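Residue numbers (my numbering): 58 to 122. Quick reminder that beta carbons are idealized off the backbone N, C-alpha and C, glycines included. It should be emphasised that the depicted structure is a prediction, and the values quoted were computed from it without experimental measurement.
Encoded structure:
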């Protein structure tokens, strides 16, 4: 298994940020069918982006993304 970090930049509006974070969480909650494990989602408010840490096999990650 390999580890991957995805960098996601949400829109600037705070309401949309909250909605996007919920979408991110929903998407990554459903990773079990792709055989991917969500390790963590970090929010860096200063630069306003999310870092999503996932773990899985190359083929599974490619299908998921």
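- Under DSSP, residue 93 takes part in no beta bridge, so it has no partner.
- Bridge partners of residue 101 according to DSSP: 106.
- Counting C-beta atoms within 10 angstroms of its own C-beta, residue 111 has 16 or more neighbours from the protein chains shown and is therefore classed as buried.
- In this structure, DSSP gives residue 66 a state outside helix and strand, which the three-state scheme calls coil.
- One alpha carbon belongs to residue 66, the other to residue 80, and they sit about 13 Å apart.
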